[in-house]
DNA sequence: GTCTATACTGAGATAGAC
DNA sequence: GTCTATCTCAGTATAGAC
């Protein structure tokens, strides 16, 4: 960790702070403080704040791809894989209650700012969408796979927004259970048809 | 409209700009430009930006209460009233795709800023929650009325976040249909039990 | 590659004239 | 009640020494 390049340290710190405080509300001074470098040193690594944002999005995209590959490695069955997606909500319930979903809040913020990188940020949703849709196809739901993927991501986003607004842990658990039940119904409908 | 008090004009302009650009990203200059007054004049009406925010939240709370009262006046049956809530998503699909849900995005932003008024903003959700729960009770679902209310608001929030991120109008229509179907099932389960 | 010092900007806020 | 002028401060960004 300590021999991590300064550039990587900056990106990691920015990643965390953008999540906790939002992109606009995070200043260079904040990031510099966390990393323990001077403000000036900064511009040796990134020419502007937008460049740091792009680096953070790139890193998140890479991390997400890696996570999805890990799920594929761990579970051969599509429903088990999709369950992993749903369980993000339980596994990260503490940070979600405090700061919401990192993807959802970044997309909302950049959208409102009309920021040029908003489409890249939405690509994080796109990654999950494509991956989930493929698993729903494998589940025998080829005809409405993309619809189901979007529905599931949307449900998760709703849970994150509400958990953040109300700080209600029981609500998360309840909704996660409901989503697992929903997924079970998806699988059964597939089996009925085949 | 033109003989509206300057104070009201400020609150209305702030309300719109906070929705479109977010609270932090809206400056006094922005609001002053819209209203057509000088920056200085501002402090005659509000001592700080936070005071404007509080006035905006108060106004939204009052407007929401009025809207809910209107729904109660228009429809005697609880399921018809709840349908009105779901239909907000269709009725406001254009601004939702552009800016998200005004309640959800304000709560998320104030939460991230750790702003003192974040709980007041969450009160907007609370208003819908209480109102919906009461209608679910009237629908014969006294035991899980609050659970259903939270679930419905959460679903709506998810739709808003996704519609905003992807700008997908078909998605909104599809989810609205799904929510109406869900509500119909809620009513049927009640009828079965009674 | 890292630092200090500093320029420049925009935003919140105040004072005081009209 | 509205204006102009101005203050202060934080944030982005640059220059140049080490």
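Chains as they are written, first to last, in the numbering used here: chain A, 380 to 573; chain B, 380 to 573.
By construction, the Cβ of each residue, glycine as well, lies at the ideal position given by its N, Cα and C atoms.
Problem set entry | Residues that residue 478 of chain B contacts on chain A, provided the C-beta gap is smaller than 8 Å | 490 and 491
Exercise. What are the uninterrupted segments assigned as alpha helix (DSSP H) that are 4 or more residues long and contained completely in the segment 426 to 489 of chain B, given in chain order?
Worked result: 428 to 453, 457 to 470 and 472 to 478
For this session: Below 9 Å between beta carbons is the criterion; list the residues of the segment 521 to 538 of chain A that meet it against any residue of chain B, in chain order.
Result: 526, 529, 530, 532, 533, 534, 535, 536, 537 and 538
Exercise. Quick one: Cα of residue 531 of chain A to Cα of residue 558 of chain A, how far?
Worked result: 8 Å
For this session: Find the nearest neighbour of residue 534 of chain B within the set B/546, B/544 and B/554, judged by alpha-carbon distance.
Result: B/554
Exercise. Just how far apart, CA to CA, sit residue 573 of chain B and residue 466 of chain B?
Worked result: Only weak support exists for where residue 573 of chain B lies, its pLDDT of 49 falling under 50; the value from the coordinates is given anyway. So the two alpha carbons sit approximately 28 Å from each other.
Exercise. When DSSP labels each residue in this structure, what does residue 396 of chain B get in the three-state scheme?
Worked result: helix
Problem set entry | For residue 421 of chain A and residue 408 of chain A, the rounded distance between their alpha carbons | 10 Å
For this session: Find the nearest neighbour of residue 439 of chain B within the set B/449, B/494, B/527 and B/506, judged by alpha-carbon distance.
Result: B/506
For this session: For residue 495 of chain A, count neighbouring Cβ atoms within 10 angstroms of its own Cβ and tell me buried if that reaches 16, exposed if not.
Result: exposed
Problem set entry | Under 9 Å by beta carbon: chain A residues contacting residue 550 of chain B | 526, 529, 530 and 533
For this session: Apply the 10 Å Cβ neighbour rule to residue 497 of chain A and answer buried if 16 or more other Cβ atoms are within range, or exposed otherwise.
Result: buried
Exercise. Would you say the segment 441 to 455 of chain A touches the segment 484 to 491 of chain A, given that touching needs at least three Cβ pairs under 8 Å?
Worked result: no
Exercise. Buried or exposed: which applies to residue 484 of chain B, given that a residue is buried once 16 or more other Cβ atoms fall within 10 Å of its Cβ?
Worked result: buried
For this session: Given a cut-off of 8 Å, decide if residue 383 of chain A and residue 492 of chain A are closer than it, judged by their beta-carbon atoms.
Result: no
Problem set entry | Residue-chain proximity (residue 553 of chain B, chain A), Cβ-Cβ < 8 Å | yes
Exercise. Comparing the C-beta of residue 512 of chain A with each C-beta of chain B, is any distance below 8 Å?
Worked result: no
Exercise. Taking residue 400 of chain B as the reference, which of B/411, B/477 and B/455 has the closest Cα?
Worked result: B/477
For this session: Could you confirm whether any beta carbon from chain A is found closer than 8 Å to the beta carbon of residue 565 of chain B?
Result: no
For this session: Can you pull the chain A residues whose beta carbon is under 8 Å from the beta carbon of residue 404 of chain B, in chain order?
Result: 403, 491 and 492
Exercise. Along chain B, in chain order, which residues have C-beta atoms closer than 7 Å to that of residue 483 of chain A?
Worked result: 540
For this session: Look at the alpha carbon of residue 425 of chain B and the alpha carbon of residue 411 of chain B, and state the distance between them as a whole number of angstroms.
Result: 12 Å
Exercise. Would you report the Cα separation of residue 584 of chain A and residue 556 of chain A, rounded to the nearest angstrom?
Worked result: Nothing about residue 584 of chain A can be read from this structure; chain A reaches only from 380 to 573.
For this session: Would you mind stating whether residue 504 of chain B and residue 482 of chain B have Cβ atoms separated by less than 8 Å?
Result: yes
Exercise. Considering residue 421 of chain B, what are the terminal residues of the alpha helix (DSSP H) in which it resides?
Worked result: 421 to 424
Exercise. For residue 472 of chain A and chain B, any beta-carbon pair shorter than 8 Å?
Worked result: no
For this session: Give the interface partners of residue 462 of chain B over in chain A, defined as CB-CB distance under 8 Å, in chain order.
Result: Within 8 Å Cβ-Cβ: nothing; residue 462 of chain B doesn't reach chain A, min ~19 Å.
For this session: Could you name the residues of chain A that residue 400 of chain B contacts, counting a contact when the two beta carbons are closer than 8 Å?
Result: 491 and 492
Exercise. Hey, residue 499 of chain A and residue 431 of chain A: beta-carbon distance below 8 Å or not?
Worked result: no
Exercise. Given residue 474 of chain A, which residues of its chain have a CB within under 7 Å of its CB, disregarding the five upstream and five downstream residues?
Worked result: none
Problem set entry | Distance, residue 527 of chain A Cα to residue 449 of chain A Cα | 22 Å
Exercise. With 8 Å set as the bound, which would you pick, yes or no: does the beta-carbon of residue 504 of chain A sit closer than that to a beta-carbon of chain B?
Worked result: yes
Exercise. For residue 455 of chain B, is the classification buried or exposed, using 16 other Cβ atoms within 10 angstroms of its Cβ as the cut-off for buried?
Worked result: exposed
Exercise. Would you report the Cα separation of residue 517 of chain B and residue 445 of chain B, rounded to the nearest angstrom?
Worked result: 20 Å
Problem set entry | Inter-residue spacing [alpha-carbon to alpha-carbon] between residue 480 of chain B and residue 523 of chain B | 26 Å
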